[in-house]
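What follows is a single structure, written as C-alpha cells, with notes after it.
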Amino acid sequence: MNIYLNLSGRSDKKQINLVTKVQSYLQDIGHKIVLDYLSKENFEDFYKPTSFHIKHVYDQADSLMKKSDVVILETSTPSITIGFQILHALKHEKNVICLYTKGNRQLFIEGIDDERFQLWEYSEKNYKKVIDLALDNLFFENDVRYNMMLSKKMNLYLNKLSKKTKTPKAVYIRGLIKEDMKGKDL
Amino acid sequence: MKIFFTGSPRSLRIKEQSDNLNKIYKSLSAYGKHTSDLVINNDPDSFYEYSLEEIDQHYQNTLTNLKKAYVIVVEVSIHSLSMGYLINKGIELSKPTLCLYSKGNAPFFLSGIHDPNLVVSEYTYESIDDVISDAFDYFSGNQDKRFNLMLSPQMINFLNDYSKKNKMSKAQIIRKAINELMKVELNK
C-alpha cells in the first residue's frame, strides 16, 4: 500500500527516531512511503521559508495524501498541521492511523467517531505490533457496517478495556470474531 | 450573527495569551452572539483529565457549536491538533474562518492554504479590534452568491452519474468546472 506518514516538524529527536523506525518497518513489510520528509538532511530547517516554499509544501502534502491508501500521523507533538491533516484525510475517505507516545495523548481527537480513524499509543518496544494491528484493522468500502446494542455493563467493560489496552473497541470485537472463526468452516 | 471562537485550552495557562483571548472574545461580542464561551471559561487542568465519556461529549458539543455559527474564529498562536482539525471543519462547511496569531507565532502550514473563506492574520493586544474589523469587512464582501440555472435532462443525468461516481455534490462539480475554466482564462 501507499502510505502517507507525517509528523510535526517540531517533533523532538526521540519522536523522529521512533517514526523513522516505523517508516523502516513499513518499508520492510512491503509498503511504499509517499511522503518522505524524514529522509531530508535538515529536518530542523523545515520551518525556514528558504527551505520550502510554503504553498508548495501544502500542495505537495495534499497531492501525496490523495494518492495514498493509508495516512499515518504522529500526534505526540501538538500541531495545527497534523490536526488539519487528520480531517483532510478523513474527508478524502482515507484510513487514518494516529500514533502517540505515553503521556502525549491528544484529548480532542479521541472524540472522533469514524470507522476509518484509529488512535494508538505506541513505543519503541511495541511499535511493530501496533502497526500490524492497525493495518489489520483498516476499513475499506467492501467492509460492512454493523450496528449492535450492548448492555450498559458490556459497554462499560469495553470502555475500560479499550482504555487499559489502548485498543479501539471495534478491534477487540473483531479479534474475538477472528478467534472464533479459526478452524471453523460454516 | 453567531460566532464560534476557540483556542487551545493550554493558552489559558499563559497570562499574555489568556489576556489576548479575553480581549478577542470581548471584541467579537460586538459583532454577535458567541455559541460557546469555553475559550475563556475553561479550566485547563481539569480539561486534560476528562473521562472518555466527557471527551466524546466535548467533541460533539464543539462540533455542534461550530456548526451553529456563521463565522469561525480560531486563536492559533499555541500549537494544537484540535485547532487544526476545527479550522479544516470550518473550511469544509464553507464558513468564514479567521485564524489569529500573535507575533512570532505564524502558523506555517495554514499560510499555504488558499481558500477565499480563510483569513490568517497577525495581531497584537492593541490591534485586536482593527484586525477583527478588517477580517469581518473582508468576509462581508466575500460571501458566496446563490445562482439558479436551467439544465437540459442530458446534463442533469450526467451530473447525477458523475456525482454518484465521484462522491461529489452536483454544485461541487459545477464549481470545479468553473474553477478549471477560470485557471485557463487567467493564465492566457
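If you read the sequences in order, they're chains X and H. So for the first sequence, our numbering puts the first residue at 203; every next one is plus one. So for the second sequence, our numbering puts the first residue at 21; every next one is plus one. C-beta: ideal position from N, C-alpha, C; glycine also.
Query                                                                                                                                                               : Result
From the DSSP output, read off the bridge partner residues of residue 134 of chain H.                                                                               : BP columns for residue 134 of chain H are empty, so no partner.
Are any of the Cβ atoms in chain H nearer than 9 Å to that of residue 305 of chain X?                                                                               : no
Considering just the uninterrupted stretch of the beta strand (DSSP E) at residue 98 of chain H, what are its terminal residues?                                    : Here residue 98 of chain H belongs to no beta strand (DSSP E), and DSSP marks it neither H nor E.
Is DSSP giving residue 404 of chain X helix, strand or coil here?                                                                                                   : No answer is possible for residue 404 of chain X: it lies beyond the span of chain X, which begins at 203 and ends at 388.
My output table needs one value for residue 55 of chain H: the three-state DSSP class, helix, strand or coil.                                                       : coil
Residue range of the beta strand (DSSP E) that residue 274 of chain X falls in?                                                                                     : 272-276
Let me check one thing: in DSSP terms, what residues is residue 206 of chain X bridge-paired to?                                                                    : X/273
Let me check understanding here. Comparing Cα to Cα, which of X/334, X/268, X/383, X/382 lies closest to residue 291 of chain X?                                    : X/268
For residue 310 of chain X, which of helix, strand or coil comes out of DSSP?                                                                                       : helix
Candidates H/22, H/144, H/80, H/78: which alpha carbon is nearest residue 42 of chain H's?                                                                          : H/144
Is the separation between the beta-carbon of residue 312 of chain X and that of residue 220 of chain X shorter than 9 Å?                                            : no
Using the Cα positions of residue 305 of chain X and residue 66 of chain H, report the straight-line distance between them to the nearest angstrom.                 : 16 Å
Considering residue 297 of chain X, what are the terminal residues of the beta strand (DSSP E) in which it resides?                                                 : 297-302
In the DSSP output, which residue or residues are listed as bridge partners for residue 209 of chain H?                                                             : No statement about residue 209 of chain H is possible, as the shown extent of chain H runs from 21 to 208 and does not include it.
Could you tell me if residue 29 of chain H is buried or exposed, where buried requires 16 or more neighbouring beta carbons within 10 angstroms of its beta carbon? : buried
With a cut-off of 8 Å on the beta carbons, I'd call residue 91 of chain H and residue 175 of chain H a contact; round off their distance for me.                    : With a Cβ gap of about 35 Å, residue 91 of chain H and residue 175 of chain H do not count as contacting.
Mind pulling the chain H residues with CB within less than 8 Å of residue 323 of chain X?                                                                           : Chain H residues near residue 323 of chain X: none, gap ~14 Å exceeds 8 Å.
List, in order along the chain, the chain X residues whose C-beta lies closer than 8 Å to that of residue 112 of chain H?                                           : 289, 293
Check each residue of the region 61-78 of chain H: if its Cβ is closer than 7 Å to any Cβ of chain X, include it; give the result in chain order.                   : 68, 70, 72, 75, 76, 78
Residue 146 of chain H and residue 121 of chain H - do their beta-carbons sit closer together than 9 Å?                                                             : no
So what's residue 231 of chain X in DSSP terms, helix, strand or just coil?                                                                                         : coil
Distance cutoff 9 Å, beta carbons only. Does residue 136 of chain H sit that close to anything in chain X?                                                          : no
Tell me whether the beta-carbon of residue 310 of chain X lies closer than 9 Å to the beta-carbon of residue 118 of chain H.                                        : no
Using the C-alpha atoms, what's the distance from residue 277 of chain X back to residue 302 of chain X?                                                            : 5 Å
Do the region 24-40 of chain H and the region 53-62 of chain H make contact, defined as three or more Cβ pairs closer than 8 Å?                                     : yes
Measure how close the beta-carbons of residue 93 of chain H and residue 107 of chain H come, nearest whole angstrom, since I'm counting them as under 8 Å.          : Contact flag wrong, Cβ pair sits at about 10 Å.
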